[in-house]
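Note that the sequence shown covers residues 9 to 337 in my numbering. Glycine included, each C-beta is placed from N, C-alpha and C at the ideal position.
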Amino acid sequence: MLDFYAFLWPWLAACLAVGAATGALATQPPSRKGPARWLIWAGLAALAAAAAVALGAAQGAISIHVESALGCFAAFIAGCGLGAYAFRKSFSAHERWALGLVPAALIWLGAALVAQPAYESGLEKRVTGLAQAAGVDATAVSLAGRDVVATPAVAEKADLMAQIAAAPGVRRIVAAQGPQLEKTEPAPTPVETKPDATATIPAPAAPSDPKDILAALPEGDLDAAACQRALDAVAASEPVAFHASRATVNRRAALALDKAALIIRRCPDTTIEVRGHGDEGAADALSQRRATAAERYLRREGVAGRRLVAVGCCAQDERRAGAIDYIVR
């Protein structure tokens, strides 16, 4: 975590400066004795968040957001205390410190959008470099926040896992799991009957329902053709839907992308185009932003970013407006 906070030092310094200015300018006397209510609740929330990270309740991309928020909040409170003591020699006006939470929150948002992806990219290169040095395919390890996701085969290599765990910035290593596909009831045992010589036995029909296609997938890694069929099925059964004129991954879109991520983890040695569609008649820039947003979300969910390419779809199709498609190369 210290490596992560050292990378965020400009943003933490900005929160510290905002806190110092807030503590120095706050002059209103307290309306009640004791700590301000907002400070009590904020402190309890920070303790709960820290416990969630320490105990592993917050994992993956969520954990790194929580860690950066805790760092910014701690820097802000420390700055408030320093500013109040340096200029007022008193902490009595701490109720007014809440006004500085707004700019501090904006600074944290900037860190989450700018600094965190850069840090994750550098950490991913560090981890994949260790894997390649050990003769392991770089696609066998990926990153979710500061958590390293490794395939079961790689997780069995104790020496490599020890090197990755000791790398600065790595929080923990988890073994990747295959997709949990929908369970189906076992078919009843057929009763043997004497076939009618005059009856015509129809040929078995190929599954047409996307859920049937997913259930028919073999275990383990998928080849390019099976990967394409599975992703087509996911795109048809769980389409990614953006709000009109927006490129933000909402809750419904996140659920659909989670299912696609399960499939992509089983598609080694492939490059997958994440194609975004704009609204009907909208500019291509919207489709590119949606493709980029989907690609970034998949990467943060443990899919190696180097296997994904964000592409804005050139043709606007009313039936595919706001959707995401996947093309396996």
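What does residue i pair with, by DSSP beta-bridge criteria?
i, result
"V319", "R283"
Can you give me the start and stop residues for the beta strand (DSSP E) that residue i sits inside?
i, result
"V149", "149-152"
"A158", "155-158"
"V336", "332-336"
When you compare only the Cα positions, how much space is there between residue i and residue j?
i, j, result
"A22", "M9", "19 Å"
"A94", "P176", "36 Å"
"L138", "V149", "10 Å"
"R260", "H251", "10 Å"
"G143", "F84", "45 Å"
"I172", "A152", "14 Å"
"Y334", "H102", "53 Å"
"A268", "R298", "15 Å"
"D287", "V311", "27 Å"
"G228", "A57", "36 Å"
"V26", "A126", "24 Å"
"D167", "A119", "34 Å"
"A158", "I181", "7 Å"
"F81", "K133", "29 Å"
"Y13", "L78", "10 Å"
"L47", "A106", "8 Å"
"A262", "T136", "26 Å"
"E281", "R273", "14 Å"
"N258", "S76", "22 Å"
"A34", "T279", "55 Å"
"A50", "D155", "27 Å"
"A331", "G68", "25 Å"
"Q36", "L20", "26 Å"
"A92", "D11", "30 Å"
"A233", "L63", "41 Å"
"P215", "P276", "In this predicted model, P215 has a pLDDT of only 45, less than 50, meaning its place in the structure is not dependable enough to derive any value."
"A86", "L121", "24 Å"
"A249", "V242", "13 Å"
"A264", "L117", "25 Å"
"G130", "I72", "14 Å"
"R104", "V110", "12 Å"
"A29", "R96", "12 Å"
Output yes or no for whether 8 Å exceeds the beta carbon distance between residue i and residue j.
i, j, result
"C321", "G284", "yes"
"I271", "A238", "yes"
"D266", "E303", "no"
"T256", "A293", "no"
"A113", "L16", "no"
"G89", "G31", "yes"
"V74", "A60", "yes"
With residue i as the anchor, note down where its alpha helix (DSSP H) starts and where it stops.
i, result
"V135", "124-141"
"T30", "17-33"
"S245", "232-245"
"M169", "166-174"
"L270", "259-272"
"R45", "45-63"
"L114", "109-118"
What I want to know is whether the C-beta of residue i ends up closer than 7 Å to one or more non-hydrogen atoms of the ligand ATP.
i, result
"G79", "Of the ligands one can find in the structure shown there are none, so the ligand ATP has no counterpart to examine."
Where does residue i sit, in a helix, a strand or coil, going by DSSP?
i, result
"R179", "coil"
"S98", "coil"
"T300", "helix"
"E227", "coil"
"H73", "helix"
"C80", "helix"
"F250", "coil"
"D11", "helix"
"R308", "helix"
"A86", "helix"
"G91", "helix"
"G42", "coil"
"A163", "helix"
"A255", "coil"
"A293", "helix"
"A106", "helix"
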